[in-house]
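Below is one structure, written out as structure tokens; comments come after it.
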Amino acid sequence: MRNPELRTFVLASDRERVREITAATGMFHPPEVEVAVELVDDRLAKGDVSDYFFRFFDEDGTALGYACYGYDTMTQASWELYWIAVDPRAQGRGIGRQLLRAVEDDVRARGGSRLYVETAGRPQYAPTRAFYLASAYALAAELPDFYAPGDAKVIFLKVLT
39 MRNPELRTFV LASDRERVRE ITAATGMFHP PEVEVAVELV DDRLAKGDVS
89 DYFFRFFDED GTALGYACYG YDTMTQASWE LYWIAVDPRA QGRGIGRQLL
139 RAVEDDVRAR GGSRLYVETA GRPQYAPTRA FYLASAYALA AELPDFYAPG
189 DAKVIFLKVL T
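Residues 39 to 199 in the numbering used here are what the sequence shown lists, from first letter to last.
The structure is reproduced here in structure tokens:
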């Protein structure tokens, strides 16, 4: 790795890079990729009053991965990880773990005590589910056929202490 950096602010160039990363993973449908870009747009437009927080892992000035998360305003201290994605060419280097730790640390610093993550139950998401389990997340719920027949919504939880 050369000049790695965990960045907390969003740049205009992140719009296209988030689109590239999420599309390149092959995990997200085109409408989902567009939602990922919309969240970047929200943060760019609203700045610090946006409901969305970001962490980017940059190397030599290029984002190789990112995470997007936010506070669930209907709760006392629960947060949600909305997106975490790493460019497939950079996967396997611990970037996802670094991003996840940075999100957890920020949530704790902001008074959060619970971090929820939802993902899909399709077979292609087995490595994603294993990633959360290996990161000390517990399976909190599974909603069968949520996204489509045979595709459950799988919810993980980590109590942050």
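We put the beta carbon where it would ideally sit given N, CA and C, even for glycine. Values in this document were obtained by computation on a predicted structure and should not be read as measured data.
Asked	Found
Sheet register partners of Arg45 (DSSP bridge)	Phe94
Residue from Gly103, Tyr170 and Ala174 with nearest C-alpha to Thr60	Gly103
Reference Asp144; option with closest CA among Tyr90, His67, Glu70 and Glu180	Tyr90
Presumed contact (8 Å Cβ cut-off) between Phe201 and Ile133, rounded CB distance	The question about residue 201 has no answer, for the chain in this structure spans 39 to 199.
Among Pro161, Arg160, Gln162 and Pro42, the one whose alpha carbon lies nearest that of Gly99	Pro42
Neighbour-count burial assignment, Arg81, 16 or more Cβ in a 10 Å radius	buried
Cβ-based burial, Lys196 [other Cβ within 10 Å; buried from 16]	buried
Cutoff 7 Å; reference Tyr185; Cβ partners in own chain excluding five residues on either side	Ala158 and Lys191
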